[in-house]
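Peer 1: First to last, the protein sequences are chains R and G.
Here our numbering is used: the first residue of the first sequence is 7, the next is one more, and so on.
Here our numbering is used: the first residue of the second sequence is 7, the next is one more, and so on.
The beta-carbon is built from N, C-alpha and C at its ideal position, and this holds for glycine as well.
Number of protein chains: 2
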Amino acid sequence: MAEEVMLLDFWPSPFGMRARIALREKGVSFDTREENILILTNKSPFLLEMNPVHKKIPVLIHNGRPVCESLVIVQYIDETWGRECPLLPSDPHERARARFWADYVDKIFPALRTVLLSPAGEAQEAAKEYIEGLKVLEGELGDKTYFGGERFGYVDVSLIPMYNLFYSLEKLASCSVAEECPKLLGWAERCMQRESVAVSLVDRHELYEFILVLKKHRQLQ
Amino acid sequence: MAEEVMLLDFWPSPFGMRARIALREKGVSFDTREENILILTNKSPFLLEMNPVHKKIPVLIHNGRPVCESLVIVQYIDETWGRECPLLPSDPHERARARFWADYVDKIFPALRTVLLSPAGEAQEAAKEYIEGLKVLEGELGDKTYFGGERFGYVDVSLIPMYNLFYSLEKLASCSVAEECPKLLGWAERCMQRESVAVSLVDRHELYEFILVLKKHRQLQ
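Below you can see the structure in the form of structure tokens.
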């Protein structure tokens with residue numbers, strides 16, 4: 007029986023991008039179903055059925071069974087396909103380290119979200135906070151090629167979708183990630199050389215236009 | 007060479023309890039170093055060295071190498087010791103499901119924290135929100151013995167320390183978890199039959215006294 011792999015996704019979502027990248031790293035063919043979650047009433051009955059708890063994308067549906075939450079999805083993909091090209095390292099301590107840093111990427115995300123979606127007055131402070139978080143990540147990266155060393159892996163998959171939003175961050179908070187975190191930018195450019203990443207990220211200008219629409223929409227609510 | 011396993015812990019912490027329970031489930035001997043993190047200036051240089059990013063307990067130090075973040079620690083313990091009695095199931099989809107629910111326990115924790123530490127006026131609303139979250143967990147539990155079925159596992163380890171705080175929750179918000187979530191209470195009592203859990207949780211009255219001191223301390227800051 008052929009495998010059925012479907013991703014409930016929404017094109018601007020950095021969390022959806024994680025699932026896309028992981029699937030492509032593993033060479034898994036998948037269908038995408040675009041869920042426009044901009045407006046609550048737009049949530050499809052199918053999304054609500056597949057993720058009744060959080061009602062959010064991404065949801066990976068593998069042979070009819072849903073997996074929710076982007077980092078859980080990436081680990082599921084890693085454990086299910088392409089064991090010869092693992093995203094998580096095999097050593098338990100290195101695995102713990104990778105999980106710690108992927109969680110860290112999520113811990114600092116609310117500050118980025120504030121920059122992108124809150125009124126202009128709150129953007130500066132949140133941008134400063136987010137960039138402090140990026141500097142911690144830059145410290146962990148050091149002079150390595152990827153976060154796990156020579157091999158593109160779990161932390162890279164978790165963080166690179168955020169790079170897609172740096173242009174919007176810079177526009178909205180008048181700052182420069184490249185100036186603050188030059189090594190991280192070098193890492194991002196290396197990641198972008200990978201087809202899995204290049205195909206999964208979206209045009210940063212279109213993403214910025216979308217964020218402006220989203221901000222306006224939220225202010226009208 | 008004998009293994010060195012040390013847990014930087016603080017007795018009232020539900021997150022520390024997760025690590026204690028997991029180590030005991032696996033039969034790992036460990037030393038504990040109590041870190042009083044009530045006051046910022048009390049954080050020891052050793053804690054800051056072992057967890058420079060979050061500066062929090064629990065930290066598991068295994069042969070000199072630190073592992074931080076409670077759920078990361080529990081997974082590390084599971085992957086390092088006692089593979090014959092796993093906390094996470096072997097099937098990738100079941101593993102993803104377990105990770106999803108353990109994350110959910112953390113997602114609803116801020117409401118419990120608000121009940122415990124915020125001024126009385128905010129407690130009722132937060133308690134209502136937290137109990138709604140518990141009801142979702144009760145729905146997932148259903149009529150199973152443990153969250154994973156017949157075997158005590160990852161979600162149980164993640165959630166049972168919160169049960170230790172239900173007495174404080176009920177005192178501070180005048181509510182009854184037993185009335186709202188009877189199946190969850192049955193599950194908690196089953197968990198308490200396990201030595202790993204019974205030894206790792208603390209006296210609920212002492213915990214409540216500690217929370218009252220903590221609240222007072224925070225109001226003075």
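Taking Cβ to Cβ, would you say K141 of chain G is nearer than 9 Å to C197 of chain G?
Peer 2: Within the second sequence, residue 141 of chain G is the residue found at index 135, counting from 1. Within the second sequence, residue 197 of chain G is the residue found at index 191, counting from 1. No; because the gap between Cβ atoms is not below 9 Å, this pair is not in contact.
Peer 1: By a C-beta neighbour count over all protein chains shown, 10 Å radius and 16 as the cutoff for buried, is C74 of chain G buried or exposed?
Peer 2: On the second sequence, position 68 is the one that residue 74 of chain G refers to. That one is buried.
Peer 1: Contact criterion: CB-CB distance below 9 Å. Does I67 of chain G meet it with respect to chain R?
Peer 2: Start at 1 with the first residue of the second sequence, and residue 67 of chain G comes out as number 61. False, the Cβ-Cβ gap to chain R never drops below 9 Å.
Peer 1: Can you confirm whether the region 115 to 133 of chain R touches the region 77 to 86 of chain R when touching is taken to mean that 3 or more C-beta pairs between the two stretches lie within less than 8 Å?
Peer 2: No: the two stretches stay apart, fewer than three of their Cβ pairs being nearer than 8 Å.
Peer 1: Alpha carbon to alpha carbon, how far is L207 of chain R from L123 of chain G? Give it in angstroms, no decimals.
Peer 2: The residue given as residue 123 of chain G occupies position 117 in the second sequence. The residue given as residue 207 of chain R occupies position 201 in the first sequence. Whole-angstrom Cα-Cα distance: 41 Å.
Peer 1: Applying the 10 Å Cβ sphere with the 16-neighbour rule, what's the burial state of E144 of chain G?
Peer 2: Taking the second sequence and counting its residues from 1, one reaches residue 144 of chain G at position 138. That one is buried.
Peer 1: Assuming contact is defined by CB atoms lying nearer than 9 Å, are L66 of chain G and Y160 of chain G in contact in what I supplied?
Peer 2: Position 60 of the second sequence, counted from the start, is the residue given in the question as residue 66 of chain G. Position 154 of the second sequence, counted from the start, is the residue given in the question as residue 160 of chain G. Against a cut-off of 9 Å, the Cβ pair of Y160 of chain G and L66 of chain G comes out as no contact.
Peer 1: On the DSSP letters alone, give me the boundaries of the alpha helix (DSSP H) that E55 of chain R sits inside.
Peer 2: The residue given as residue 55 of chain R occupies position 49 in the first sequence. Start and end: 51 to 56.
Peer 1: Keeping to the same chain, check which residues put their C-beta closer than 6 Å to that of L178 of chain R; ignore five residues upstream and five downstream.
Peer 2: As a first step, residue 178 of chain R must be located in the first sequence, where it is residue number 172. Once the five neighbours on either side are set aside, the close Cβ partners of L178 of chain R are V121, A129.
Peer 1: Quick one: list the residues of chain R neighbouring V111 of chain G, beta-carbon separation under 9 Å, in chain order.
Peer 2: As a working note, residue 111 of chain G is residue 105 in the second sequence. By Cβ distance, chain R contributes nothing, its closest Cβ being about 12 Å from V111 of chain G, past 9 Å.
Peer 1: Are there 16 or more other CB atoms within 10 angstroms of the CB of P51 of chain G, so buried, or fewer, so exposed?
Peer 2: As a working note, residue 51 of chain G is residue 45 in the second sequence. Burial call: exposed.
Peer 1: Out of R:A133, R:L218, R:L191, state which residue places its alpha-carbon closest to the alpha-carbon of K150 of chain R.
Peer 2: Locating residue 150 of chain R in the first sequence gives position 144, counting from the first residue. Checking every option, the nearest Cα to that of K150 of chain R belongs to R:L191.
Peer 1: DSSP three-state label for V65 of chain G, please.
Peer 2: Looking up residue 65 of chain G in the second sequence gives position 59. DSSP places V65 of chain G in strand when its eight states are reduced to three.
Peer 1: On a CA-only basis, which of G:E31, G:W17, G:H211 is nearest G88 of chain G? Give me that one, please.
Peer 2: Position 82 of the second sequence, counted from the first residue, corresponds to residue 88 of chain G. When only C-alpha atoms are compared, the closest one is G:E31.
Peer 1: Using a Cβ-Cβ cutoff of less than 7 Å, which residues in the same chain neighbour W17 of chain R once the five nearest sequence positions on both sides are dropped?
Peer 2: Locating residue 17 of chain R in the first sequence gives position 11, where the first residue counts as 1. E40, V208.
Peer 1: In terms of DSSP beta bridges, what is G155 of chain R paired with?
Peer 2: Here residue 155 of chain R refers to the residue found at position 149 when the first sequence is read from its first residue. Looking at the DSSP assignment, G155 of chain R forms a beta bridge with R:Y152.
Peer 1: Measure from the alpha carbon of L77 of chain R to the alpha carbon of each residue in R:G70, R:E55, R:A108, R:E100, then state which is nearest.
Peer 2: Against the first sequence, residue 77 of chain R aligns to sequence position 71. Comparing Cα positions, the closest option is R:A108.
Peer 1: Curious, which full-length alpha helix (DSSP H) runs of at least 4 residues does the region 79 to 134 of chain R contain?
Peer 2: Entirely contained in the region 79 to 134 of chain R, the alpha helix (DSSP H) runs reaching 4 residues are, in chain order, 98 to 123.
Peer 1: Any beta carbon from chain G within less than 9 Å of F52 of chain R's own beta carbon?
Peer 2: Mapped onto the first sequence, residue 52 of chain R falls at position 46. Output row for F52 of chain R: interface = no.
Peer 1: Identify, in the order they occur along the chain, each residue of the same chain with its Cβ nearer than 6 Å to the Cβ of G70 of chain G, setting aside the five sequence neighbours on each side.
Peer 2: The residue you call residue 70 of chain G lines up with position 64 of the second sequence. Result list for G70 of chain G: empty, nothing under 6 Å.
Peer 1: Could you name the residues of chain R that T86 of chain G contacts, counting a contact when the two beta carbons are closer than 7 Å?
Peer 2: Your numbering for residue 86 of chain G matches position 80 in the second sequence. Chain R residues near T86 of chain G: P98.
Peer 1: Name the residue from R:A102, R:N57, R:E156, R:G155 whose alpha carbon lies nearest to the alpha carbon of H110 of chain G.
Peer 2: As a working note, residue 110 of chain G is residue 104 in the second sequence. The question names His, but residue 110 of chain G in the sequence shown is Tyr. It is R:N57.
Peer 1: Can you tell me which of G:S182, G:S180, G:L147, G:R101 puts its alpha carbon nearest to the alpha carbon of I166 of chain G?
Peer 2: For the purposes of this step, residue 166 of chain G is taken as the residue at position 160 of the second sequence. Selected option, being the one with the closest Cα: G:L147.
Peer 1: Under three-state DSSP, which class holds D162 of chain G?
Peer 2: For the purposes of this step, residue 162 of chain G is taken as residue 156 along the second sequence, with counting starting at 1. The answer is helix: DSSP assigns D162 of chain G an H, G or I state.
Peer 1: Taking the alpha-carbon positions, what's the E135 of chain G to Y169 of chain G distance?
Peer 2: Residue mapping note: residue 135 of chain G aligns to position 129 of the second sequence, counting from 1. Residue mapping note: residue 169 of chain G aligns to position 163 of the second sequence, counting from 1. For E135 of chain G and Y169 of chain G, the distance between alpha carbons rounds to 16 Å.
Peer 1: Taking the alpha carbon of A204 of chain G as the point to measure from, which residue in G:R26, G:P98, G:I63 has its own alpha carbon closest?
Peer 2: As a first step, residue 204 of chain G is located in the second sequence; it is residue number 198 there, counting from the start. The candidate whose alpha carbon is nearest that of A204 of chain G is G:R26.
Peer 1: Taking only beta-carbon atoms, is Y214 of chain G less than 9 Å away from chain R?
Peer 2: Here residue 214 of chain G corresponds to residue number 208 of the second sequence, with the count starting at 1. No, no contact with chain R.
Peer 1: Helix, strand or coil: how does DSSP classify L14 of chain G here?
Peer 2: The sequence position of residue 14 of chain G within the second sequence is 8, counting from 1. Strand.
Peer 1: Judging by CA-CA distance, which residue of G:E131, G:S164, G:P64 is the nearest neighbour of C181 of chain G?
Peer 2: In the second sequence, counting from the first residue as 1, residue 181 of chain G sits at position 175. Cα-wise, what sits closest to C181 of chain G is G:E131.
Peer 1: I need the DSSP call for C187 of chain G, collapsed to helix, strand or coil.
Peer 2: What you label residue 187 of chain G is simply residue 181 of the second sequence in a count that begins at 1. It is coil, neither helix nor strand.
Peer 1: At the level of alpha carbons, what is the spacing between H211 of chain G and L171 of chain G?
Peer 2: Residue mapping note: residue 211 of chain G aligns to position 205 of the second sequence, counting from 1. Residue mapping note: residue 171 of chain G aligns to position 165 of the second sequence, counting from 1. Rounded to whole angstroms, H211 of chain G to L171 of chain G spans 10 Å at the Cα level.
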